[in-house]
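Here's the structure we're looking at; comments come further down.
2 protein chains.
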Amino acid sequence: MIEQEEVSPLTLNRLSFYLRCLRHLQELGIKRISSQEMAQRYHLSATQIRKDLAQFGEFGIRGVGYDVNALADHLNSLLGLDRQHAMVIVGMGNLGSALAQYLGFNYGAFHVVAGVDNDPKKIGRRVASFVVRAAADLQDVVRESGAEIGVLAVPAEAAQENYDALAEAGIKGVLNFAPVRLKRRPGVPLKNVDLRINLEELAFFLR
Amino acid sequence: MIEQEEVSPLTLNRLSFYLRCLRHLQELGIKRISSQEMAQRYHLSATQIRKDLAQFGEFGIRGVGYDVNALADHLNSLLGLDRQHAMVIVGMGNLGSALAQYLGFNYGAFHVVAGVDNDPKKIGRRVASFVVRAAADLQDVVRESGAEIGVLAVPAEAAQENYDALAEAGIKGVLNFAPVRLKRRPGVPLKNVDLRINLEELAFFLR
DNA sequence: AGATGTGAATGAGTTCACAGCT
DNA sequence: AGCTGTGAACTCATTCACATCT
Chain R
695 MIEQEEVSPL
705 TLNRLSFYLR
715 CLRHLQELGI
725 KRISSQEMAQ
735 RYHLSATQIR
745 KDLAQFGEFG
755 IRGVGYDVNA
765 LADHLNSLLG
775 LDRQHAMVIV
785 GMGNLGSALA
795 QYLGFNYGAF
805 HVVAGVDNDP
815 KKIGRRVASF
825 VVRAAADLQD
835 VVRESGAEIG
845 VLAVPAEAAQ
855 ENYDALAEAG
865 IKGVLNFAPV
875 RLKRRPGVPL
885 KNVDLRINLE
895 ELAFFLR
Chain H
695 MIEQEEVSPL
705 TLNRLSFYLR
715 CLRHLQELGI
725 KRISSQEMAQ
735 RYHLSATQIR
745 KDLAQFGEFG
755 IRGVGYDVNA
765 LADHLNSLLG
775 LDRQHAMVIV
785 GMGNLGSALA
795 QYLGFNYGAF
805 HVVAGVDNDP
815 KKIGRRVASF
825 VVRAAADLQD
835 VVRESGAEIG
845 VLAVPAEAAQ
855 ENYDALAEAG
865 IKGVLNFAPV
875 RLKRRPGVPL
885 KNVDLRINLE
895 ELAFFLR
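Respectively, the protein sequence lines represent chains R and H.
First residue of the first sequence? That's 695 in this note's numbering, and the numbers climb one at a time after it.
First residue of the second sequence? That's 695 in this note's numbering, and the numbers climb one at a time after it.
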């Protein structure tokens, strides 16, 4: 069996997408599917589907295809979606508040349990299902709320220190919305969602 | 000179990031920089910086390095950031409203000028600097507002039809927040921002 | 027969190493 | 001497082609 770190982000990305396709097939009541049919339906590559899945075991039946329910369950637990993941939002400005609303009470296997900010005006304010706490109390907030994932919605300048603070507080992974490349810590995986870069890539085609 | 379509999204991504670094160097008052020094400062690869830039011309001075201001200007116009880009948000639910706030009146070279929804309860409501219009009037809204970029903040099921509608309305590029892979139209580039996939990739490391 | 799983071939992207300017 | 710009080498990812299994 493959180690976590050896899985390429590209593969992971696709696995997540395959799961979404399988959920759709389940809704349609389809019980079995071949890589080929799945590829056609969702504009994917059949070979790649098989290669991606084969990394984690032999989920298919030769000559037949994949059992939709079984494969969905496999991917679900492979991606760690078979239990809830609590999130804490750091930075409750426009974006942070918006994310609190949007990721709301239950976003699939994820839910927001807490939010912190260092602006006294925001502390104590009620947003979605929680009350904003002081950034200085991050350690306590994480412990009390049992948050596993930190969501960085702070300005670029403050992102690194807050990532580090999340790491110190025992957070297991960070989703960063600040437009900077952070210095990673070994045990704390990091995913960047950079709206500005995405917009600028689009703008390139508008010259 | 290279064609637009031949530039890899990875390169574009980095160019956008280089520009950000150069802006930072400008703030620091640094006039000239070598690829090496830039790489060290921002945890990049010197060779890659040179390769990326060399695709678009010879911006550097051998034996010396790059002129920070000149290079920033080059990248700025290369990325089409030397003029404003108007955006229209399609889908004014939680996420759409949040984006309207966040991308606000002026987000670098970008600003939101309009928002549409098909929910009568949302139409006519004031959000940020505009009043929500009917999705059915998209064509008019785009023409009147001069929007170039469409931001899709609708549910997955509605994303394809709205992408198509944006394309018909003459939109030049689309940023898609819906968790689906859309069928692209030739002249209408598409960038996906998939929060769910990002969260699920993180969750993989939390198993 | 028909679909999976996989080594081999191809292609994309990155890094190396150095020729060519300043 | 020093740094850019770039062909060549290398590494990573995708696609092909087929042996293997039901």
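Here a beta-carbon is modelled for each residue, glycine too, at the ideal position from N, C-alpha and C.
Model, not experiment: these values are computed from the prediction.
- In the structure shown, the three-state DSSP call for residue 848/H is coil.
- Inclusion of residue 878/H and residue 884/H in the CB contact set at 8 Å is warranted, their separation being smaller than that value.
- In terms of beta-carbon proximity, residue 866/H lines the interface with chain R, with at least one pair separated by less than 8 Å.
- Excluding the 5 residues flanking it on each side, residue 754/H has same chain C-beta neighbours closer than 6 Å at 760, in chain order.
- Inclusion of residue 716/R and residue 748/R in the CB contact set at 8 Å is not warranted, their separation being larger than that value.
- Look at residue 872/H: its C-beta is not under 8 Å from any C-beta on chain R.
- Cβ contact annotation for residue 805/H (same chain, cutoff 8 Å, sequence separation greater than five): 778, 779, 780, 781, 797, 798 and 799, in chain order.
- Taking C-beta separations shorter than 7 Å and ignoring five residues to either side along the sequence, the partners of residue 816/H in its chain run 786 and 826, following chain order.
- Looking at the backbone, the Cα of residue 752/H and that of residue 788/R are separated by about 41 Å.
- Within chain H, the residues whose beta carbon sits less than 9 Å from that of residue 843/R are 893, 896, 897 and 900, listed in sequence order.
- The Cβ-Cβ distance between residue 773/H and residue 802/H does not fall below 8 Å.
- A straight-line Cα-Cα distance of about 6 Å links residue 847/H and residue 784/H.
- Secondary structure note for residue 805/R: it is in no alpha helix (DSSP H), and the uninterrupted beta strand (DSSP E) holding it is 804 to 811.
- Inter-residue distance for residue 845/R and residue 868/H is about 25 Å (C-alpha atoms, whole angstroms).
- Residue 875/R reaches chain H at 711, 736 and 737, counting residues in chain order whose Cβ is nearer than 8 Å.
- Between residue 706/R and residue 705/H, the alpha-carbon positions lie close to 21 Å from each other.
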